[in-house]
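Sequence order for the protein chains is L and G.
In terms of this note's numbering, the first sequence has 295 at position 174, counting the first letter as 1, and numbering is strictly consecutive.
In terms of this note's numbering, the second sequence has 73 at position 70, counting the first letter as 1, and numbering is strictly consecutive.
Backbone N, C-alpha and C fix where the C-beta goes; we use that ideal spot for every residue, glycine too.
It should be emphasised that the depicted structure is a prediction, and the values quoted were computed from it without experimental measurement.
Encoded as structure tokens, the structure appears first; notes follow it.
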Amino acid sequence: MKKSSQNNLSVLLIVFSVFLIVKLLWTVIEINFLPIYGVDHLDMKEIKSLYYKVKLANTHKPKKVKKTKVEKNTVNVKDIKLLAIYKTSQDIIITVKYKTKTKVLTKGDKINGLTLDDATLNSAFFVKNNQRYKVDLVKTIKSNTSIVPINHNPDNLKETKADISDEGDYKVIDKKVFDHFVNNMDDIYKNIGINEETKGDKKVFKISYIKRGSVFAKLGLKRGDILKSVNGENVDSYVAAFRIYQNMKDVDNITIVIERNHKEMELEYEIN
Amino acid sequence: MVKKIVVIIVSIVLSVAIFMPKDKLYFLAEEKLSSYGIEINEKLIEDKLFELSLSGLSVFYNGIKVATVDEIHIYTFVVYNRCDIVGLHIDKAIDKNLSEDDIKASLVYSILNYKTANITIKGEDIKADGFISMEKFFIKFDEVNNGLKNMLIKDKTNGWYYEEKFTK
């Protein structure tokens, strides 16, 4: 009986010792050879339209410009009209119209005694005397500017029935048509051919074929055009092209830079 | 004496499996994969007693999102290791025909068959099994959808299959 219990004890000791040794070994390996963090894919900044805050085509009837203050205060911000916002993780750039002049402000700049502090997608925040003031983005643009709101009443739609409508400086792409091509890559290649070519030491993507009457032809693209960038993202590799395609789902505006006859051109589109 | 040897072996196997820093080893695997352009993002990592559970995974190749995986369960028993992949969805842009499938795959490595790791794949219209060794990767399809057939080879003995030999 005593021998048996001694045996059991020795087995337990062996098990305990092995566990201890192995734990120690793993700890040494963990400290010396294994990484503490994994490797995560960091998304490149999402493809954003360059002028995404200036809504070119307005689907609604012009509304009265609304400017609200965050807190009750005495400072008058009604003279400041927020026309556009460009915001990244590092920069805040806004365009405002103050009285009759248009000004571009970055964070810290002052206007009418108000200092630009922060901005969201739809509003800019100013600070004065430790009080915070909010100015909303102007949602309507007067017709005497170069940007003309589009009348999207049902009659007008019946008249046009177009996938792409030309509005002069830019084209408006029907959202359904756009979504269809975003979700069906095969259909893109049925309408447009893009070849990779080497130009000097760089790779370029050249349009080799465009189906007549197709959406891509209506976009203003032509055979021989070299795609330089889409929404600021250079098209210099298949990976870049594919990434741009994958990030197209949520964009409202597209700016395509092409090279045609040795000249760079910018094509503007709005998804609506 | 024999009893003691058995106890020692069992203890070693168990303790290695239990105390294995599974999450850190997974991070090491992520590092190695990233050198081949493969990056995996996961929402949750759970280091369990005998299992490493990963969920909400996105797989990127050269910066392109190629697939999402609902869950991966990695079981490590030293002499028997298994990796279950549940809910593998290939990105629609990569392969439209495969994208809607909910594919389950499992990779088994056992000391009894130490030269190869066995693979089984099951999807709505995919059923395949094969192996990966130091020499080649071979997978034979019992059921295969049309979208995948473009990538496969067919012959009388194997039917539809995919094979890739590794050069040394």
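Contact under 8 Å by Cβ, residue i with residue j
| i | j | result |
| --- | --- | --- |
| Tyr164 (chain G) | Lys143 (chain G) | yes |
| Ala245 (chain L) | Leu204 (chain L) | no |
| Phe140 (chain G) | Asn121 (chain G) | no |
| Val81 (chain G) | Ala20 (chain G) | yes |
| Val62 (chain G) | Ile43 (chain G) | yes |
| Ala96 (chain G) | Tyr366 (chain L) | yes |
| Asn312 (chain L) | Ser329 (chain L) | no |
| Leu28 (chain G) | Leu155 (chain L) | yes |
| Gly234 (chain L) | Lys249 (chain L) | yes |
| Asp200 (chain L) | Lys220 (chain L) | yes |
| Ser18 (chain G) | Val143 (chain L) | yes |
Continuous beta strand (DSSP E) stretch holding residue i: start and end
| i | result |
| --- | --- |
| Asp67 (chain G) | For clarity, residue 67 (chain G) is Ile in the given sequence; the question names Asp instead. Ile67 (chain G) -> beta strand (DSSP E) spans 67–79. |
| Phe246 (chain L) | 244–249 |
| Ser136 (chain G) | 130–136 |
| Lys224 (chain L) | 222–227 |
| Leu342 (chain L) | It is not in any beta strand (DSSP E) - Leu342 (chain L) carries neither H nor E in the DSSP assignment. |
| Val259 (chain L) | Note, Val259 (chain L): premise wrong, no beta strand (DSSP E); not H, not E. |
| Gly162 (chain G) | 162–168 |
| Thr241 (chain L) | Taken as a continuous stretch (DSSP letters only), Thr241 (chain L) belongs to no beta strand (DSSP E), as it is neither H nor E. |
| Glu380 (chain L) | 374–381 |
| Tyr207 (chain L) | 201–208 |
| Glu54 (chain G) | 54–64 |
Helix, strand or coil at residue i according to DSSP, with G and I counted as helix
| i | result |
| --- | --- |
| Asn128 (chain L) | helix |
| Ser335 (chain L) | coil |
| Ile157 (chain L) | coil |
| His162 (chain L) | coil |
| His92 (chain G) | strand |
| Lys118 (chain G) | coil |
| Asn149 (chain G) | helix |
| Leu31 (chain G) | helix |
| Glu317 (chain L) | strand |
| Lys46 (chain G) | coil |
| Met386 (chain L) | strand |
| Tyr359 (chain L) | helix |
| Lys125 (chain G) | strand |
| Ser138 (chain L) | helix |
| Asn312 (chain L) | helix |
| Leu146 (chain L) | helix |
| Lys107 (chain G) | strand |
| Glu280 (chain L) | Low per-residue confidence applies at Glu280 (chain L): pLDDT is 39, beneath 50, and the placement is therefore not dependable enough to give any value. |
| Ser38 (chain G) | coil |
Contact set for residue i: own chain, Cβ-Cβ below 6 Å, skip 5 residues either direction
| i | result |
| --- | --- |
| Pro275 (chain L) | Residue confidence for Pro275 (chain L) is low, a pLDDT of 42 falling below 50, so the modelled location carries little weight and cannot support an answer. |
| Lys208 (chain L) | Ala240 |
| Leu110 (chain G) | Cys86, Ala120, Ile122 |
| Asn84 (chain G) | Tyr112 |
| Glu167 (chain G) | Phe140 |
| Ile69 (chain L) | Since the displayed chain L opens at 122 and closes at 393, residue 69 (chain L) lies outside it and no answer follows. |
| Met369 (chain L) | Val303 |
Bounding residues of the alpha helix (DSSP H) (the contiguous stretch that carries residue i)
| i | result |
| --- | --- |
| Phe299 (chain L) | 296–304 |
| Phe22 (chain G) | 5–22 |
Close-in-space but distant-in-sequence residues of the same chain around residue i (CB under 8 Å, 5 per side omitted)
| i | result |
| --- | --- |
| Ser136 (chain G) | Lys118, Thr119, Ala120 |
| Val191 (chain L) | Low local confidence applies: a pLDDT of 45 at Val191 (chain L) is under 50, so the model's placement there is unreliable, and no value is given. |
Sequence-distant residues of the same chain with beta carbon closer than 7 Å to residue i, five excluded per side
| i | result |
| --- | --- |
| Ala362 (chain L) | Phe326, Val356 |
| Leu258 (chain L) | Lys174, Leu203, Ile206, Asn243, Ser244 |
| Lys339 (chain L) | Asp284, Ile285 |
Q) Can you find at least 3 beta carbon pairs, one from the segment 344–355 of chain L and one from the segment 368–387 of chain L, that sit closer than 8 Å? A) Yes, the segment 344–355 of chain L touches the segment 368–387 of chain L.
Q.
Tell me whether the segment 334–343 of chain L and the segment 315–324 of chain L touch, counting them as touching only if at least three CB pairs, one residue from each stretch, are closer than 8 Å.
A. Segment contact: the segment 334–343 of chain L against the segment 315–324 of chain L, fewer than three CB-CB distances shorter than 8 Å; contact not assigned.
Q.
Does the segment 135–143 of chain L come into contact with the segment 4–14 of chain G, if we say contact requires no fewer than three beta-carbon pairs (one atom in each stretch) closer than 8 Å?
A. Three or more beta-carbon pairs separated by less than 8 Å link the segment 135–143 of chain L to the segment 4–14 of chain G, which places the two stretches in contact.
Q.
I'd like to know if the segment 104–114 of chain G and the segment 33–49 of chain G are in contact, where contact means that at least 3 CB-CB pairs between them fall below 8 Å.
A. Of all C-beta pairs linking the segment 104–114 of chain G to the segment 33–49 of chain G, fewer than three are shorter than 8 Å, placing the two stretches out of contact.
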